[in-house]
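For reference, the structure discussed in these notes is given below.
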Amino acid sequence: MTLEDAQRLVQSFIRAHGGDAQASGLNAKGFGGAALGDAQVYFEHVKDSGALKCSALIYRFRDAPRPGVIDGFRDEEKKGTDTGGGKVDYETENKSLFLSRTYGVVPSEQQFKEDVDRLVEASLVWGDEVFNRVADRVIPAK
């Protein structure tokens with residue numbers, strides 16, 4: 042997938058959600074993002090592989106997460122908790138937890154919108170219900 046293909050997909054997604062596709066999308070380095078109500082979604086075109094990575098934010102930690110927290114989220118994924126078609130993805134450089142999905146082949150704009158919408162919807166559940174379940178298991182009560 043070329044940067045132009047990825048840009049077209051991201052712009053069509055943003056346009057479908059009422060955004061200005063001419064001013065939005067991916068920057069020259071292949072990064073972009075959008076706020077959709079309470080949700081945040083980020084896009085990254087990986088030049089080397091040509092892949093487009095879409096990441097819906099679950100939670101941004103202030104500090105490095107406590108031991109066992111990220112594993113707790115991965116356990117939820119393994120148990121079959123709906124990920125909206127994505128995978129649990131912790132980014133150490135920005136201390137953020139996402140549900141991420143990567144495209145190596147260009148999907149239709151409609152399919153891309155439906156896929157990313159599912160990812161975003163799932164991230165909201167993971168940021169609330171799943172987060173609370175993991176916290177209850179991993180962080181001891183006082």
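Just so we're aligned, residue 42 is where the sequence shown starts under this note's numbering, counting upward by one. Beta carbons: idealized from backbone N, C-alpha and C, even for Gly.
Burial check for residue 105: the Cβ neighbour count within 10 Å stays below 16, so the residue is exposed. The DSSP-derived three-state label of residue 141 is strand. Sequence-distant Cβ neighbours of residue 117 in its own chain, meaning closer than 6 angstroms and more than five residues away, are 171. Separation of residue 162 and residue 125 (C-alpha to C-alpha, rounded to the nearest whole angstrom) is 7 angstroms. Collapsing the DSSP output to three states places residue 164 in a helix. When DSSP states are grouped into helix, strand and coil, residue 147 belongs to the coil group. Judged by beta-carbon spacing, residue 84 lies within the 8 angstroms limit of residue 93, meaning their Cβ atoms are closer than that value.
If you draw a 10 Å sphere on the C-beta of residue 59, you find fewer than 16 other C-beta atoms in it, and that means exposed. With a beta-carbon spacing of about 16 angstroms, residue 81 and residue 66 fall beyond the 8 angstroms limit used to define contacts. In the DSSP assignment, residue 74 falls within the unbroken beta strand (DSSP E) covering 72-77.
Selection 150, 156 and 148 evaluated against residue 140 yields 156 as nearest (Cα-Cα). Out of 136, 129 and 151, the CA that lies nearest to the CA of residue 142 is found in 129. Nearest C-alpha to residue 173 among 154, 160, 113 and 131: 113. Judged by beta-carbon spacing, residue 153 lies within the 8 angstroms limit of residue 50, meaning their Cβ atoms are closer than that value.
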